[in-house]
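Chemist: Take a look at the following structure, please.
In our numbering, the protein residues as written are 17 to 616.
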């Protein structure tokens with residue numbers, strides 16, 4: 017129950033945390049969307065105002081009526097964008113005052129813009145409209161009246177007057193205005209001195225009054241960006257841009273603070289929930305730790321002492337107690353099973369010993385039967401010949417030819433008897449070697465390559481160059497500290513096996529003897545590319561009396577002797593490999609042999 021409660025607490029905590037994360041993610045998504053919407057609306061408002069400002073610049077530069085006609089639509093677009101933004105920020109107490117200040121500044125700006133438009137309307141959008149058209153018509157009428165009066169000085173004065181007018185309108189330089197005033201006074205004096213009609217004087221006065229009104233409006237409008245209404249508009253635009261930047265920065269800050277607050281509150285809630293769950297889990301853990309430690313203590317003792325009679329002996333009905341009870345049952349079962357296995361193992365060992373001994377005795381008896389049978393037959397034949405010789409001697413019928421025949425047959429029988437008795441003695445000696453009971457000389461240091469070469473030299477008469485190719489891949493500076501006679505026997509038996517079993521008639525046999533240093537052990541390989549080993553014989557190749565040449569003089573003891581020499585005397589490992597394509601490899605790992613080897 018305790019573990020189930022712990023798992024349940026963990027699941028509840030995980031589920032609640034997931035729900036909190038989902039809600040926090042939803043609120044964050046909503047806030048991000050709202051922030052993006054506010055930013056888009058603010059950008060739209062700023063774009064609408066910027067278009068109005070750009071149109072204002074066009075009015076100042078070109079002073080065209082078409083530019084002025086676009087202003088109402090731009091103002092409507094701005095008001096519409098502002099209304100949308102105001103509705104979105106209606107609940108934003110921190111942003112609403114800034115937005116209202118922006119609205120006040122925009123109203124002031126639009127008021128100044130309207131004033132700018134009114135002044136431009138008074139001035140006139142073309143050469144025939146407004147004040148500009150009035151004083152221009154007066155100037156043209158004045159020039160027409162004086163053209164036929166034969167007064168060149170007045171005509172020149174009027175032309176200079178118009179030139180200064182245009183210079184002033186083009187360059188907005190007050191010095192031209194002063195020159196213009198002086199020329200007006202000069203023209204008035206010329207008219208007065210010449211006693212021209214009052215109409216010409218009135219035309220000059222009307223031109224002067226119109227031009228003065230035009231200049232007054234221009235100066236009110238502002239001859240330069242830093243004067244008049246233009247300066248006021250520039251100031252209002254700067255205020256609007258600053259306010260826009262402030263609203264934008266504050267909007268981003270407010271939305272960022274709100275997102276951070278959502279994340280912070282979500283994290284606080286998750287942390288508090290996890291703390292509560294950890295407290296509950298710690299409480300549950302303290303209740304189960306004692307039982308787990310008791311189980312662990314028993315398991316450690318069982319692993320260390322291999323004593324399966326130990327028991328946990330925990331009381332209770334929770335999951336840990338149930339595990340302890342099942343562990344006790346398992347230990348009891350293992351204890352019983354080990355006892356049964358031990359008894360069965362002893363029986364199997366005894367049976368294996370008897371079977372192995374029976375196989376060895378059977379094989380040994382089979383090998384002895386042949387030479388002993390021949391020896392007995394020879395002895396019986398010799399006995400019969402001796403009886404025949406004795407009988408003829410007693411009867412006095414022994415002839416020279418008969419004696420010669422008997423002697424020849426007796427010599428043949430003795431020869432067979434001697435050879436087969438020697439073979440029997442050799443079998444007995446080989447059988448003794450299987451047990452490796454002989455005492456070898458003390459360990460000594462010897463060069464492995466030299467030893468192997470010396471053994472091969474002993475077989476020179478049998479290993480002729482036409483039928484055999486020998487290759488030694490053993491380092492010159494590899495020396496072993498072991499039993500040289502044992503290695504000599506291992507190599508000798510291996511050579512005998514190659515000669516008797518590997519050689520294929522009409523085919524050259526390649527023999528390669530090599531060593532490799534792997535993981536601080538010498539690996540000794542004796543390989544040939546001959547007939548190979550039948551896969552049926554390979555698993556039992558190291559057992560006594562296993563041979564494929566039983567009827568050709570093979571005893572099956574060679575590899576068994578090698579196996580015992582390597583595993584018992586040299587304390588190494590031995591393997592036999594025979595690929596499907598032919599050949600064989602005797603692999604010996606000298607795990608118990610010391611060596612000296614310096615790489616060149």
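For each residue, glycine too, the CB sits at the ideal point set by N, CA and C.
Please list the segments of the alpha helix (DSSP H) lying wholly inside the region 77-118, counting only runs of 4 or more residues, in order along the chain.
Modeler: Whole alpha helix (DSSP H) segments, 4+ residues: 81-85 and 87-104.
Chemist: Roughly how far, in whole angstroms, is the beta-carbon of residue 87 from the beta-carbon of residue 71, given that I think they are within contact range, below 8 Å?
Modeler: Stepping through the chain shown from its first residue, residue 87 is reached at position 71. Stepping through the chain shown from its first residue, residue 71 is reached at position 55. Contact flag correct, Cβ pair sits at about 6 Å.
Chemist: Does the Cβ of residue 418 have 16 or more other Cβ atoms within 10 Å, making it buried, or fewer, making it exposed?
Modeler: Here residue 418 corresponds to residue number 402 of the chain shown, with the count starting at 1. Residue 418 is exposed by the Cβ-count criterion.
Chemist: Note down the Cα distance separating residue 603 from residue 434, rounded to an integer number of angstroms.
Modeler: The sequence position of residue 603 within the chain shown is 587, counting from 1. The sequence position of residue 434 within the chain shown is 418, counting from 1. Cα to Cα, the separation comes out at about 39 Å.
Chemist: Please classify residue 609: is it buried, with 16 or more other beta-carbons within 10 angstroms of its beta-carbon, or exposed?
Modeler: For the purposes of this step, residue 609 is taken as residue 593 along the chain shown, with counting starting at 1. The residue in question, residue 609, is buried, as its Cβ has 16 or more Cβ neighbours within 10 Å.
Chemist: Figure out for me which residue from 312, 282 and 173 has the closest Cα to the Cα of residue 344.
Modeler: Residue 344 sits at position 328 when you count from the first residue of the chain shown. For the residues 312, 282 and 173, the minimum Cα distance to residue 344 belongs to 312.
Chemist: Please classify residue 484 as buried or exposed, where buried requires at least 16 neighbouring CB atoms within 10 angstroms.
Modeler: To locate residue 484, count along the chain shown from 1; it is residue 468. So residue 484 ends up on the buried side.
Chemist: Tell me which same chain residues have a C-beta within less than 8 Å of the C-beta of residue 47, skipping the five on either side of it?
Modeler: What you label residue 47 is simply residue 31 of the chain shown in a count that begins at 1. Only 271, 274, 275 and 278 meet the Cβ criterion.
Chemist: Find the nearest neighbour of residue 152 within the set 229, 607 and 223, judged by alpha-carbon distance.
Modeler: Counting from one through the chain shown, the residue named residue 152 turns up at place 136. Among 229, 607 and 223, the Cα nearest to that of residue 152 belongs to 223.
Chemist: Buried or exposed, going by whether 16 or more other CB atoms sit within 10 Å of the CB of residue 84?
Modeler: Residue numbering aside, residue 84 sits at position 68 when the chain shown is read from its first letter. When all chains shown are included, residue 84 counts as buried.
Chemist: Given residue 146, which residues of its chain have a CB within under 8 Å of its CB, disregarding the five upstream and five downstream residues?
Modeler: Working through the chain shown from its first residue, we reach residue 146 at position 130. The answer, listed in chain order, is 137, 138, 139 and 140.
Chemist: Under three-state DSSP, which class holds residue 586?
Modeler: Taking the chain shown and counting its residues from 1, one reaches residue 586 at position 570. Here residue 586 sits in coil by DSSP.
Chemist: For residue 38, does the count of other Cβ atoms within 10 angstroms reach 16, so buried, or fall short, so exposed?
Modeler: Walking along the chain shown from the start, residue 38 turns up at place 22. Exposed is the call here.
Chemist: Who are the near neighbours of residue 60 in its chain, counting only those whose CB is closer than 6 Å to its CB and skipping five residues on each side?
Modeler: Within the chain shown, the letter at position 44 stands for residue 60. Same-chain partners within the cutoff: 97.
Chemist: Are the Cβ atoms of residue 94 and residue 65 separated by less than 8 Å?
Modeler: For the purposes of this step, residue 94 is taken as residue 78 along the chain shown, with counting starting at 1. For the purposes of this step, residue 65 is taken as residue 49 along the chain shown, with counting starting at 1. It is a contact, given that the beta carbons lie within the stated cut-off.
Chemist: My output table needs one value for residue 567: the three-state DSSP class, helix, strand or coil.
Modeler: Locating residue 567 in the chain shown gives position 551, where the first residue counts as 1. Note that residue 567 has pLDDT 43, beneath the 50 cutoff, so the model's placement of it is unreliable and the number below is only indicative. Three-state DSSP puts residue 567 in a helix.
Chemist: Going by DSSP, which residues form a beta bridge with residue 542?
Modeler: If you number the chain shown from 1, residue 542 lands on position 526. For residue 542, which the question treats as bridged, DSSP gives the partners 529 and 602.
Chemist: Which residue marks the beginning of the beta strand (DSSP E) containing residue 485, and which one marks its end?
Modeler: By 1-based counting over the chain shown, the position of residue 485 is 469. 484-489 is the extent of the beta strand (DSSP E) around residue 485.
Chemist: Nearest-angstrom Cα distance between residue 24 and residue 105?
Modeler: Position 8 of the chain shown holds residue 24. Position 89 of the chain shown holds residue 105. Taking the straight line joining both Cα atoms gives about 45 Å.
Chemist: What did DSSP end up calling residue 431 once you bin it into helix, strand or coil?
Modeler: Here residue 431 refers to the residue found at position 415 when the chain shown is read from its first residue. Three-state result, residue 431: helix.
Chemist: Using the beta-carbon count (16 or more within 10 Å), is residue 474 buried or exposed?
Modeler: Position 458 of the chain shown holds residue 474. Classification of residue 474: exposed, given that the 10 Å Cβ count is below 16.
Chemist: Three or more beta-carbon pairs under 8 Å between the region 116-136 and the region 244-262, yes or no?
Modeler: Segments in contact, yes.
Chemist: What first and last residue would you give for the beta strand (DSSP E) that runs through residue 215?
Modeler: Translated into positions along the chain shown, residue 215 becomes position 199. First-last for residue 215: 214-237, but that is the alpha helix (DSSP H), not the beta strand (DSSP E).
Chemist: Could you check the C-alpha separation between residue 539 and residue 490 for me, to the nearest Å?
Modeler: By one-based count along the chain shown, residue 539 stands at place 523. By one-based count along the chain shown, residue 490 stands at place 474. One C-alpha to the other measures close to 11 Å.
Chemist: Let me check you understand the geometry: is the CB of residue 139 closer than 7 Å to at least one non-hydrogen atom of the ligand GDP?
Modeler: This structure lacks the ligand GDP; in fact it carries no ligand of any kind.
Chemist: Could you check the C-alpha separation between residue 534 and residue 496 for me, to the nearest Å?
Modeler: Translated into positions along the chain shown, residue 534 becomes position 518. Translated into positions along the chain shown, residue 496 becomes position 480. Approximately 15 Å, taken between the alpha carbons.
Chemist: Can you tell me which residues form a DSSP beta bridge with residue 460?
Modeler: For this step, residue 460 is matched to residue 444 along the chain shown. The partner list for residue 460 (beta bridge, DSSP) reads 498.
Chemist: Just checking my contact of residue 537 with residue 605 at CB under 8 Å: how many whole Å lie between their CB atoms?
Modeler: For the purposes of this step, residue 537 is identified with residue 521 of the chain shown, where counting begins at 1. For the purposes of this step, residue 605 is identified with residue 589 of the chain shown, where counting begins at 1. Confirmed, Cβ separation roughly 6 Å.
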